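A.B. asks: Pasting in a structure now, in structure tokens, and then I'll have a few things to ask.
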């Protein structure tokens, strides 16, 4: 019963994310809205981690299984992908470099901000 309650809570937040996607005209996927709602609810203490932790751990454990349909569709559409392989690889490479750079700069900023905050706190 505990897993069902936790799963229903996660589904409810996903549903709210779907509603936000319909109401707010931004190109943000509903799953992202749902995760933002989950983060906000956990941060504000509206939901305790214990209320979703077991089911979230289970979903993370079975995540590789959820990618099987995606892999099968890639194999099924190999001919179409092969036609555009160079463009796909170029876009993937550029996206990777940008994501890697932004992540690194964000981490640097957070580290520096944390250092300055700690130094100011001890002075």
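In the numbering used here, the protein residues as written are 194 to 316.
Positions of the beta carbon are idealized from the N, C-alpha and C atoms, including for glycine.
The structure presented is a predicted model; accordingly, all values stated were derived computationally and were not measured.
1) Do residue 234 and residue 199 have their CB atoms nearer than 9 Å?
2) Could you give the first and the last residue of the continuous alpha helix (DSSP H) run that contains residue 227?
3) Would you mind stating whether residue 202 and residue 245 have Cβ atoms separated by less than 9 Å?
4) Identify whether residue 245 lies in helix, strand or coil by the three-state DSSP scheme.
5) Output the boundary residues of the alpha helix (DSSP H) element that contains residue 255.
6) Throw me the rounded Cβ distance for the residue 226 and residue 214 pair, which I believe falls under 8 Å.
7) Need the endpoints of the alpha helix (DSSP H) that residue 220 sits in, please.
8) What residue range is occupied by the uninterrupted alpha helix (DSSP H) comprising residue 263?
9) To which residues of the same chain is residue 276 closer than 8 Å at the C-beta, ignoring the five residues directly before and after it?
10) Work out the CA separation of residue 290 and residue 300 for me, nearest whole Å.
11) Here's a check: name, in chain order, each residue in its chain whose Cβ is nearer than 7 Å to the Cβ of residue 231, leaving out the five neighbours to either side.
C.D. replies: Walking through what the data contain:
1) no
2) 223-237
3) yes
4) Coil.
5) Segment: none, residue 255 is in no alpha helix (DSSP H) and carries neither H nor E.
6) 6 Å
7) No alpha helix (DSSP H) holds residue 220; DSSP gives it neither H nor E.
8) 261-269
9) Shown here for residue 276: not one same chain residue has a beta carbon closer than 8 Å to its own, the five before and five after excluded.
10) 15 Å
11) The answer, listed in chain order, is 206.
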